[in-house]
Every structure is written in structure tokens, then in C-alpha cells.
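Enquirer: Quick one: the structure is below, and I'll ask about it shortly.
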Amino acid sequence: MRMWTAIIPVKRLEAAKTRLRGAVPVDRHPELALAMVRDTAAAVLAADTVAGLLVVTDDPEVGAAVREIGARVAPDPGGGLNAAMRFGADEAAGLAAYRVVLAGDLPALRPDQLDDVLSRVAGRSFVPDAAGIGTVLLAAPPRQPLDPRFGGPSAAAHAGSGAVALRGDWPGLRQDVDTAADLDTVLTLGAGRHTCGLLRDLGLTPECAPAA
């Protein structure tokens, strides 16, 4: 079985998830962003096909939280999301590894979904988001540069760059959280315990079953 190094880039919490602002009280927004990162990271590390997780971030709170669950942390090199992904995958993890980068806002991700996706990777591959416009995952085998094209209509950009689109029933993987409506959808799928716990504490959901 191939073993993958996973990479998640995370902005500083005060600058993260700007389109999601207003879903929770303003002073709790960084907590929501961090809760989603923690749930995503925990699911990634629980996948059988993942050998390790590298989080690329300059936020000390994010770094401390993911180290607690076994992730490594690398400093953000600057230059935006794609630069952080390239650095994490091609330099920090190294071209000799099987590398997969994921969005950090997948609180309904299940480990078995990630295992299923990675078992299908033959070459450089990606998974579109639930809307089919963005990208939630990009994988590259050894000796092949990651070449990320995240931002805007990135699914089309990744397809145009030669990456293969992977299709399957992975709702927790494909549902990232950019808006309050996305957050509602994640709750119906079953979000992770950190996201659920925060929203329950805020009284924003009476029922919030953690992801299985």
C-alpha cells in the first residue's frame, strides 16, 4: 500500500475564511477556523494511507494545535496559497514522496473517504469541490511536481494543466466551508467534534452529531 505525506496550508486565523465571517460572532471567528483545521487534520491523520501530515502555517496557535495530534509544522514561505502548497509538497516533503495537499476546511471528512481517493491515484490527480468549480485535493506521485492551481475556478485550471479529475461519493471530502450555507451542509453530513462542539456551545445548532 502506498503511504502518502499530506500537506495542509493554513493562513493566520485572523485572516482565514473571510467569506465565512458572520456565521458565528466576530470574536469567535478564529475559533471556528481553528476548529475546522483540527477536525480536518484529525481525519487526515486517521487515514490508513497517510504516513504523516505537514501543516504549512505561520500561525502559532494553529501550529500548537496540530502538533498536539501528531502533525509536523513548516513555516509559510509567503507568496500565497499555491506557494505554500508547492513548498510543503515539493520542498519540505520532497519529490521522492507521494504527496497530497488538502483544503483545511473539511470538517466532515472521513478517513475512509481519503483512503478511497488515494487508492485511485495513478498520476497527478485532483478532486473537485461539491460545486465542481474549486478543488479540495491535489495529489502527485514521486518525481512529479505538484503544480497547484488553487483559487477561483481551480478545477478547470487543474484539468487544463493535465491533472486527472477523480470522481466518487466522498461528500465529506468534497464539501469545503466557504460560506454559512456550506457550514449548514457540513452539519447535515456530520462534522468533526471540534466544529460541532463550538457551534453547540454557541447555541447555533441543537443537534450536531460528530462525524463517524
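Counting from 1, position 104 in the sequence shown corresponds to residue 104 in the UniProt record's numbering; the numbering is continuous, with no gaps.
Even for Gly, the Cβ is constructed at its ideal location relative to N, Cα and C.
So is G172 buried or exposed if we call it buried at 16+ other beta carbons inside 10 Å?
Expert: Position 172 of the sequence shown, counted from the first residue, corresponds to residue 172. So G172 ends up on the buried side.
Enquirer: In terms of residues, what are the limits of the beta strand (DSSP E) holding P128?
Expert: In the sequence shown, the residue the question calls residue 128 occupies position 128. Taken as a continuous stretch (DSSP letters only), the beta strand (DSSP E) holding P128 covers 125-128.
Enquirer: Assign W4 to buried or exposed, taking buried as 16 or more other Cβ atoms, counted over all protein chains shown, within 10 Å of its Cβ.
Expert: Numbered from 1 along the sequence shown, position 4 holds the residue referred to as residue 4. By the neighbour-count rule (16 or more Cβ atoms within 10 Å), W4 is buried.
Enquirer: Is DSSP giving V101 helix, strand or coil here?
Expert: As a first step, residue 101 is located in the sequence shown; it is residue number 101 there, counting from the start. Correct three-state label for V101: strand.
Enquirer: Quick check on the DSSP output: the beta strand (DSSP E) that includes P9 runs from which residue to which?
Expert: Here residue 9 refers to the residue found at position 9 when the sequence shown is read from its first residue. Segment 4-9, the beta strand (DSSP E) holding P9.
Enquirer: Looking at the secondary structure, which residues open and close the beta strand (DSSP E) in which L54 lies?
Expert: Start at 1 with the first residue of the sequence shown, and residue 54 comes out as number 54. Element bounds for L54: 50-56.
Enquirer: Less than 8 Å between the beta carbons of A181 and D39, yes or no?
Expert: For the purposes of this step, residue 181 is identified with residue 181 of the sequence shown, where counting begins at 1. For the purposes of this step, residue 39 is identified with residue 39 of the sequence shown, where counting begins at 1. Cβ atoms of A181 and D39: not closer than 8 Å.
Enquirer: If you compare alpha carbons, which of P9, E61, V44 is closest to L34?
Expert: Here residue 34 refers to the residue found at position 34 of the sequence shown. Out of P9, E61, V44, E61 has the C-alpha closest to the C-alpha of L34.
Enquirer: Straight-line CA distance for A41 to C196?
Expert: Mapped onto the sequence shown, residue 41 falls at position 41. Mapped onto the sequence shown, residue 196 falls at position 196. Cα to Cα, the separation comes out at about 15 Å.
Enquirer: DSSP state of R21, grouped into three classes?
Expert: Stepping through the sequence shown from its first residue, residue 21 is reached at position 21. Coil at R21, not helix or strand.
Enquirer: Smallest Cα separation from G160: which of T205, D147, L202?
Expert: Taking the first residue of the sequence shown as position 1, residue 160 is located at position 160. Selected option, being the one with the closest Cα: D147.
Enquirer: Could you tell me if A8 is buried or exposed, where buried requires 16 or more neighbouring beta carbons within 10 angstroms of its beta carbon?
Expert: The residue you call residue 8 lines up with position 8 of the sequence shown. It is worth fixing the name first, because residue 8 is Ile in this sequence and not Ala. Classification of I8: buried, given that the 10 Å Cβ count is 16 or more.
Enquirer: When you compare the CB positions of S125 and V164, do they come within less than 8 Å of one another, or not?
Expert: One-based indexing of the sequence shown puts residue 125 at position 125. One-based indexing of the sequence shown puts residue 164 at position 164. Yes, the Cβ-Cβ distance between S125 and V164 is below 8 Å.
Enquirer: Sort P153, R149, D112, D116 by Cα distance to G132 and report the nearest one.
Expert: To locate residue 132, count along the sequence shown from 1; it is residue 132. Nearest option by C-alpha distance: P153.
Enquirer: Verify whether the separation of the beta carbon atoms of I183 and A43 is less than 8 Å.
Expert: Along the sequence shown, one-based indexing puts residue 183 at 183. Along the sequence shown, one-based indexing puts residue 43 at 43. Here the sequence assigns Leu to residue 183, which means Ile is not the residue at that position. One thing to note: L183 has its Cβ no nearer than 8 Å to the Cβ of A43.
Enquirer: What is the DSSP secondary structure of V73, reduced to helix, strand or coil?
Expert: By 1-based counting over the sequence shown, the position of residue 73 is 73. Assigned with DSSP and collapsed to three states, V73 falls in strand.
Enquirer: Would T18 be called buried (16 or more neighbouring beta carbons within 10 Å of its own) or exposed?
Expert: Numbered from 1 along the sequence shown, position 18 holds the residue referred to as residue 18. When all chains shown are included, T18 counts as exposed.
Enquirer: CB-CB under 6 Å to P111, same chain, minus the five flanking residues each way: which ones, in chain order?
Expert: The sequence position of residue 111 within the sequence shown is 111, counting from 1. If we look at P111 and ignore the five residues flanking it on each side, its Cβ neighbours are A43, A46, A47.
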